[in-house]
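> Heads up, the final residue of the sequence shown is numbered 93 in our numbering, and it's a clean run with no missing numbers.
This is the structure, below, for whatever I ask next.
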Amino acid sequence: MLRPNWQDVRFGNIFPKAGTATRYKTGDWRSERPIVDREKCNKCGLCWLYCPDGAMEILEDGYYEPDLYHCKGCGICANICAKKAITMREEGA
């Protein structure tokens, strides 16, 4: 079976230039969303640092919340959280 080369593969999404992803709502297709438990959160910022989409926002009180317009639901924030303050919940649940 022949595999297509990189020139034949269809693009999944195209952004006209680097740094424009924040202009588009890219989180609509996630299957899980991160939920932050403020009782457990120590405001360390690791979720913000490790989020590949820059979807964790720093609030005025120092806590972090996901920007669900850009969060893809990958779960990296939940996995990196030492306090287990972030859990992933099925979208729509």
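Cβ coordinates follow ideal geometry from the N, Cα and C atoms, glycine included.
The structure displayed is predicted, hence computed values, not measured ones.
According to DSSP, what are the bridge partners of Tyr64?
Beta-bridge partners of Tyr64 (DSSP): Ile58.
> Can you tell me whether Ile35 is buried or exposed? The criterion is at least 16 other CB atoms within 10 Å of its CB, across all chains shown.
exposed
> Check each candidate in Lys40, Leu46 and Gly75 and name the one with the smallest Cα separation from Lys83.
Lys40
> Taking Gly45 as the reference, which of Cys71, Trp29, Glu32 and Glu65 has the closest Cα?
Glu65
> So the candidates are Asn5, Met88 and Arg38; which of them puts its Cα closest to the Cα of Leu68?
Met88
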